[in-house]
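As numbered in full-length UniProt numbering, residues 1 to 1266 make up the sequence shown, in order. Cβ coordinates follow ideal geometry from the N, Cα and C atoms, glycine included. Here the structure is laid out as structure tokens; the discussion comes afterwards.
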Amino acid sequence: MADRTIESPRAPTRVEDERCSNSQASHAGLNLGEDEKAILDRQTAGPTTYLSSARFLLSCTSKVDGVILVISSIAAIVGGVATPLAMLLLGRIGQSFRGYFVGDTDLSEFNSQVHQICLFYVYVAVGAFVAIYIATVGFTMAGEHIAQQIREKYMAAIFRQNIAYFEGIGVGEINTRLTVDTNLIQDAITGKASLTLSAIATLVLIVGSMTVGAAFMVKYTKRALSAYSRGASVAEEAISSIETVTAFSIQRRSVNEYEKHIAAARLSGLHSGVALAVMMAIMNGVIFWSYGLAFWQGSRWMVHDQISLSAIITILFATITGAFALGNVSPHTQAFVSGVTATNKISQTICRASPIDPSNSAGEKLSVVEGTIELRNLRHAYPSRPGVLVLDGLDLHFPAGKMTALVGPSGCGKSTIVGLLERLYDPISGNIYLDGHNITDLNLSWLRQQIGLVSQEPTLFSTTIFENIRYGLIGTQYEHASLKEIEHLIEQSSKTANAYDFIMALPEGFQTHVGDQGALLSGGQKQRIAIARAIVGEPRILLLDEATSALDVKAERAVQKALDHAARGRTTIVIAHRLSTITAADNIVVMSAGRVVEQGTHHELLAKQSVYHELVKQQTIQAKRAASIDQHGDVGLQDQDPDDLLEAGNEKNQINILADSEKATMHQSHDVITKKDSTWALIKFVFQLHKDGLYPIMGGLFFSLIAGASHPTQAIFLAKIIQALSLKPAMYTVLRHDVNYWCWMYLMIGFTTVIGWLGQGVCFAYYSQRLIYYARKKGLDTIVHQDIGQFFLPGSSSATFTTLLSTSATHIQGLSGVTLGTLLVILTTLIAGFVLAVAIGWKLALVCTCTVPIQLGCGILRLKCVAILEGHSKKVSEASAAYAREYSTSIRTVAALTLERFVQGKYHDIMEEQRRKSLLQISQSSILYAASQSLNFLCAALAFWYGSRLISTDHYSMFQFFVCYTTIIVGAYSAGAIFSFAPDIGKAKSGAQDMKHLFDRPVRIDARQEGGISVPRIGGSIQFQNVSFRYPNRPEHLILEDVNLTVQPGQYVALVGASGSGKSTIVSLIERFYDPESGVVMVDDIDVKAWNLRDYRSHLALVGQSPALYDGTIRDNILLGAEGEVSDEAVVQACKDANIYDFVCSLPDGFATVVGARGAMLSGGQKQRIAIARALLRNPRILLLDEATSALDSESEKIVQEALDAAARGRTTVAVAHRISTVQNADCIYVLERGHIVEQGTHQSLLELRGRYYELVQIQSLDQAS
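And the structure:
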């Protein structure tokens, strides 16, 4: 994972530095010309121009959205203007009351005036309802669509970028941008914009504090988002390579590395929260101070007849309601700031012009392609390693319609040629020509459509076999052919790729779902489907980069014949480590250090007895006895289809087992996953996440009570001042004295309010950020300790889990933080106001509060609607996020297949479905929200009508009326404001439910458990006693049945057999990724279940077929699985044993070289050797090798195999192998078939049996006569 080390990052050690100095010296002087540097810089340069947030959003806004936003803005302003209009009416009410008290108005005229004003209030309520409904629906719909446009533009920009761009970003960053950042933008546009416009229309004050506060919030929010995007990459790497993480017991280390980044995000988030708290505190304090100033100055003007009481009341109540509007908007300021910051991040990618852009329609398209390829004086260095020259003045000619093979050691530049032909990179000098045309002058998408590529590690997408092969038709002349013709093409290509029989043996045939990243298929099956996909579009050029490396020996032979057939008439370039696969090539090019050392046909190169001859000798199986046995008769395999009923049966069983397991486990987990918890249970769960948060919560509650009580308290001050202002002119001296006194009280309450808002803001910001931090940390810890089987189920992909960590963990702050603090303030205001109103004038208080339950009912119903909408949106959002993540992390495959336009179209369809289904819920919830907001005016009308009755009958004084009115109206406004947080609360509930489901999921094999046997060193004996293994609740499908095997301490045991026979399952059971259904797996005569799991795995080391490396340095990756402190000499020796040391020293940065996300900067062989070094450094008692040398060239394979053989001495080794040459010296070889052990013995003894093992040897033997 990113920058993962055992100790803090440091410079290369003295030992490493001295031993690598000689090799590095040759590269230190590598000089690139200015033009060459410019080519490298161009491939990694950022955008040259930026769009401001406003201009960027405008560019993502369609004309329809623009019209909707304009109408919604007008409606929001109208809805906001309703409050000032109501305050004008309130001023008239105050003037009428004063006229009645001083005798200027009789009872009849007083009642008439009040009746007319109340009727106007009803009109205002109706207008406000309509305006708020239109604004809410409009902003929400437009916000969703604009967010959709941003997501789609970002996806398009991602697929437009050149490959070098992705070397600078983490694998989790794209997913974070598409989920977290776009959600922040959507939140900023939807209800927040409507509420803000309404508030601004009510009161334009405190701009200074908001501006300064927002500036600080932007600064720290940007830092928080950047820190978390790096953390998301760490999490995604760990989850997507869970078997490596589990095998090396690096869960804690992964979580600790993740913790570094989320801790930085927490700190920046806290700074942003404090800035918001200061801003809100100043705003609310200034409001009360402005009250006092306004009354003080207003009373002076009133004494001199320069202003009326009506004007004073209108201004002051407009200020009060405006203050509440802005006070309720303040928490949403964070959404605006986060949205602006996220916009800047996303726009940088969208604005970047890619130097290699597949969406660019420019470039020539040849009418006829013969397929002649020429490389002229080609020099190339990767942008991430400009000091390493990969190709040095290379000249090559690939004749049209001929097969050319590239062989040589790992890192010599073979795969680089493939990447340059696909134009994944541009060479720093020299040119590549197709039929005499420079490929830089050709249309990029058209060029890639002429090429069929099968890579060493094939990528399949989470859809059916049919669709995966059909992707090979995208952009070709057959893309829009009839379904019948497409089916015919797919069947023919699958037959050519030797995949048809195993596909048809599956229950659902071509409609079989392959699972996440093809997890439901074996490596050989995935490879054959990839071959079918590459040739289905009948490309003129075929690139095979270790295309058969994942196949077992039988399938390889048949598929190679199929590839030879498919290559006829096509220009074919084959990269091969197994020389048996390229003996029929028209030309074989032997490369070393980026140059051609010799070339010719197989026979010509053998006759030279040079480099190629030595490579062939190294790969020849030393089986003299087999040759002598073969003289007595043929085993009859030559005419058999290696994809026979045995293998087909194995594959069918495997698919059935995995698919049925998938369904079974989903059913088994159904109760846990779909159970809905009550709101109280979720709140309790959230607070239990951060058990140490009691003190900040109590502090926040205390300060919230202070902040919330300030408004009901000031109602007394307000009523006293209005009462004083209603005195007759003869009592102006008393008026001035009373007003001055209460104005001083406003000054004091302003300071108290500042303390209250600042205290609650800081306390809850601190608690909120720590809550998110603990949720994410515990979330990743829980995920990486899940049972391995969980990661191969639908809905449990790495994208789903990383989205849960980024989105759901963030959403739970809706039950804490700013939202919780503001809700507590509002509730305090509501309750304290009601108590005060009842104490002062219970009759009016009770009548006015009868509308509050209606408002609360509307709010609760809206909350439920929002929760339903959020639940639906979350499902579709997860689907779209998983889809985006799957294709964006397979960018090379997408580029090779020219799927960019197709993927964007499918992503658009998913987003459109989400938007269409949300329209009804938006309409329903908006009605309820508009009703809750407009009821304030009806409540005021009722208060005026009934209050005037009480005043006219001398039951209430002016003081009583205004205390009750102010507290009830403010309380009613607060009741409505509570439910403006409904979307945040709905998301919080959904997020909390997701996190709770994760934490409640049972784990059967948990490395966190402390019990069990723990010893400093084990003997290393392994026993399988009647072991049967099947996936849960599917008793009819067995993958292992009554397997018995014994491995003595220090013994080297090999497992061979067809794909799907159970070899890798045995390794998984030894690692205890799974537990057997029956029987016992024992180590040192002790059931592995009895061992302490973490301690047990510390004695094991696993090297898999597809090694997982992480975004850090080479040294970091080698040290990844080490237990305790490791000396530099031990690191160097491990690298030498794995034959990687010389390569590491050849790099300018040596051990400090960054390998890139998933080791993207290294070749397959280099990654494999680093993985082997990592395993050897662990010094395990049991070494598990699952095709450990499959990715190595023949020279490296021989050297590394010798190293592994040496490393195996004194330790128990279990090796899964397709290449018999790698295990012929094993102490015991087990041959598996359909989950049974059918043969066992040494290499020679098994040859004498002339059984299944003998057949495998015959297929793999090179033709000595050639």
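Does Thr733 pass the burial test, meaning 16 or more other C-beta atoms within 10 Å, or should it be called exposed?
Thr733 should be labelled exposed.
Under the rule that 16 or more other beta-carbon atoms within 10 Å means buried, what is Val70, buried or exposed?
Around the beta carbon of Val70, fewer than 16 other beta carbons lie within 10 angstroms, which makes this residue exposed.
Per-residue DSSP class, three states only, for His397:
DSSP, read as helix, strand or coil, puts His397 in strand.
Beta-bridge partners of Val1223, as assigned by DSSP:
Under the DSSP definition of a beta bridge, Val1223 lacks any partner.
In terms of DSSP beta bridges, what is Met403 paired with?
Answer by DSSP bridge pairing, in chain order: Thr572.
Mind checking whether Gly285 and Thr753 have CB atoms under 8 Å apart?
Their beta carbons are under 8 Å apart, which means Gly285 touches Thr753 by this criterion.
Assign Val234 to buried or exposed, taking buried as 16 or more other Cβ atoms, counted over all protein chains shown, within 10 Å of its Cβ.
Buried, by the Cβ-count rule.
Consult DSSP for Leu824 and reduce its assignment to one of helix, strand or coil.
DSSP places Leu824 in helix when its eight states are reduced to three.
Determine the extent of the beta strand (DSSP E) in which Arg379 is found, giving its start and end residues.
First-last of the beta strand (DSSP E) with Arg379: 373-380.
Residues sharing a beta bridge with Met591, DSSP:
DSSP lists Val596 as partners of Met591.
Reference Val418, options Ile350, Met731, Ile1039, Ala895, closest by Cα
Selection Ile350, Met731, Ile1039, Ala895 evaluated against Val418 yields Ala895 as nearest (Cα-Cα).
Please classify Pro507: is it buried, with 16 or more other beta-carbons within 10 angstroms of its beta-carbon, or exposed?
Result: exposed.
Express the C-alpha separation of Val1056 and Lys1063 in angstroms, rounding to a whole number.
Looking at the backbone, the Cα of Lys1063 and that of Val1056 are separated by about 7 Å.
Find out if the Cβ-Cβ distance for the pair Leu1162, Ala1130 is shorter than 8 Å.
No, the Cβ-Cβ distance between Leu1162 and Ala1130 is not below 8 Å.
With distances taken between CB atoms, is the gap from Pro719 to Thr966 smaller than 8 Å?
Note that residue 719 is Ala in the sequence shown, not Pro. Less than 8 Å divides the Cβ of Ala719 from the Cβ of Thr966.
In this structure, what does DSSP give as the bridge partners for Thr496?
Partner(s): none; Thr496 has no beta bridge.
Could you tell me whether the Cβ atoms of Ile968 and Ala832 are closer together than 8 Å?
Here Ile968 is not near Ala832, since their CB atoms are 8 Å or more apart.
For Pro539, which residues in the same chain have their Cβ closer than 6 Å to its Cβ, ignoring the five residues on either side in sequence?
Around Pro539: Gln450, Ile451, Gly452.
Express the C-alpha separation of Asp677 and Phe1073 in angstroms, rounding to a whole number.
Phe1073 and Asp677 have their C-alpha atoms roughly 31 Å apart.
Give a yes or no on whether the C-beta atoms belonging to His261 and Arg230 are separated by under 8 Å.
Closer than 8 Å, so yes.
Per-residue burial, Pro1076 [other beta carbons within 10 Å of its own, 16 or more giving buried]:
Classification for Pro1076: buried.
Contact the stretch 1202-1210 vs the stretch 1080-1092: 3+ CB pairs below 8 Å
The answer is no - the stretch 1080-1092 does not touch the stretch 1202-1210, with fewer than three Cβ pairs under 8 Å.
Are Val1155 and Asn1179 close, meaning C-beta to C-beta below 8 Å?
The criterion of a C-beta distance shorter than 8 Å is not satisfied by Val1155 and Asn1179.
Gly1050, DSSP secondary structure in three states:
Reduced to three states, the DSSP call for Gly1050 is coil.
Can you tell me the Cβ-Cβ gap for Val1223 and Ile1172, rounded? I've got them flagged as a contact below 8 Å.
Contact doesn't hold; Cβ gap of about 16 Å is too wide.
Three-state secondary structure assigned by DSSP to Cys1228
DSSP places Cys1228 in the strand class (E or B) of the three-state scheme.
When you compare the CB of Asp1137 with every CB in chain C, is at least one pair closer than 8 Å?
The structure shown contains no chain C; it is built from a single protein chain.
In chain order, what residues of the same chain lie with their CB nearer than 7 Å to the CB of Arg770, ignoring the 5 residues before and after it?
Excluding residues up to 5 positions away in sequence, Arg266, His690, Gly693 lie with their Cβ nearer than 7 Å to the Cβ of Arg770 in the same chain.
Inter-stretch contact (C-beta, 8 Å, three-pair minimum) for the stretch 57-77 and the stretch 144-155:
Enough Cβ pairs lie closer than 8 Å, so yes.
Note down the Cα distance separating Gly138 from Ser918, rounded to an integer number of angstroms.
If you draw a straight line from the Cα of Gly138 to the Cα of Ser918, it comes to about 13 Å.
Minimum C-alpha distance to Gly789 - residue among Ala142, Phe703, Asp1006, Asp545
Comparing Cα-Cα distances from Gly789 to each of Ala142, Phe703, Asp1006, Asp545, the minimum goes to Asp1006.
Rounded to whole angstroms, how far is the Cβ of Phe1024 from the Cβ of Val1003, which I believe are closer than 8 Å?
In fact, because the Cβ distance is near 24 Å, the residues do not count as touching under 8 Å.
4-residue-minimum alpha helix (DSSP H) runs that sit fully inside the stretch 222-258, ordered along the chain:
Within the stretch 222-258, complete alpha helix (DSSP H) segments of at least 4 residues are found at 242-247, given in chain order.
Can you give the beta carbon distance from Leu420 to Pro427, rounded, assuming they're within the 8 Å contact cut?
Right, the Cβ-Cβ distance comes to about 6 Å (below 8 Å), so this counts as a contact.
Could you spell out where the alpha helix (DSSP H) holding residue 1335 opens and where it closes?
What is shown of the chain runs 1 to 1266, which leaves residue 1335 out entirely.
Presumed contact (8 Å Cβ cut-off) between Ala941 and Cys118, rounded CB distance:
The Cβ separation is near 4 Å, so the contact holds.
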